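Visitor:
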Amino acid sequence: MITDWSARDIYEHREWFLAGLAVLIFCVPVSIYVIGSMMGAGVQFPLFRYQETYMGANVITIIRDLQYVLEGSITGRSALMPVFWTAGVIFGSFGLFFIAIPSRIRGWYSPRRGGICIMGAGFLYLLALIAQYGPTFSSSGGFAIPVGVPVFIAAGWLVWSGTLFPYADETDVDNPEDSQDISS
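With the first letter of the sequence shown counted as 1, position 20 gets the number 28 in our numbering; the numbers rise by one all the way through.
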C-alpha cells in the first residue's frame, strides 16, 4: 500500500527519521586521508577509523586514539585531532539527544539546539582535520578530504531551520517570540 506522506505525518513518525539521522551521524565517513607520501590511507568515521598501511589493515576506535594521546604515543599537533574528534562525537550525541527526546518532555526537547549541536559536530570534525593537516588539509604528514563535514552541517541546518520537523512548535523559554513555528 502506497500512501502520501505529509509534513505532519513525517513529524508524527519522526522516530524513524531520527533513527535514520542517527545512522547518518555515526556511520557517514567524515574524512578520507593519506598518510605521508602514500605510506598508508584510511577512512575516518565518527567512532572509528579504518586505515591500511604497509604494516597491514587496522580499525582504530576513538577510545583507542584517546588512549594513545593519554599514554603519550601521539604528541604535538597530532594529539589535538582525537581531542577535537571526541568533542565532535559528544556534540553529535547531544544533538541526537535533543531531537530524540519525546516532545512531552518540553524542558529537554529542542530540535533547534539539536541542529546547532549537529552543526557544531561538523565544525569540530573540520577543526580536527585542520589541527592535523593544516588549513589546506595537506602537510608533510599527508592530506585529508573532509567528505562528510558538509553532510553534518546540512543535516544540522535541516533540523535547526525547522525544514525537517516543521510542526515542532518549539518556543524558546527566554524569548517567546523566537519560535520554530514557520507556518505564519
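Don't be surprised by glycine CBs; every beta carbon is placed ideally from N, CA and C.
Predicted, not measured: the structure shown is a model, and the values here were computed from it.
Measuring CA to CA, which of R85, T83 and I70 is closest to V97?
Guide: Reading the sequence shown from its first residue, position 89 is the one you call residue 97. Closest by alpha carbon: I70.
Visitor: Three or more beta-carbon pairs under 8 Å between the stretch 144-152 and the stretch 37-56, yes or no?
Guide: These segments touch.
Visitor: Just the C-alpha distance for Y62 and G50, rounded to the nearest angstrom, thanks.
Guide: By one-based count along the sequence shown, residue 62 stands at place 54. By one-based count along the sequence shown, residue 50 stands at place 42. Approximately 12 Å, taken between the alpha carbons.
Visitor: Identify every residue that forms a DSSP beta bridge with A152.
Guide: In the sequence shown, residue 152 corresponds to position 144, counting from 1. Per DSSP, Y41.
Visitor: On a CA-only basis, which of I138, Q140, T171 and A129 is nearest I33? Give me that one, please.
Guide: Numbered from 1 along the sequence shown, position 25 holds the residue referred to as residue 33. The candidate whose alpha carbon is nearest that of I33 is A129.
Visitor: With H, G and I counted as helix, E and B as strand and the rest as coil, what does DSSP make of Y141?
Guide: Walking along the sequence shown from the start, residue 141 turns up at place 133. Correct three-state label for Y141: helix.
Visitor: Among P37, F131, A65 and L74, which residue has its Cα nearest to the Cα of I161?
Guide: On the sequence shown, residue 161 is found 153 positions in, with the first residue counted as 1. Among P37, F131, A65 and L74, the Cα nearest to that of I161 is on F131.
Visitor: Between P37 and the rest of its own chain, which residues show a CB-CB distance below 8 Å, the 5 nearest in sequence each way excluded?
Guide: As a position in the sequence shown, residue 37 is number 29, starting the count at 1. Around P37: V51, Q52, F53, V155 and G156.
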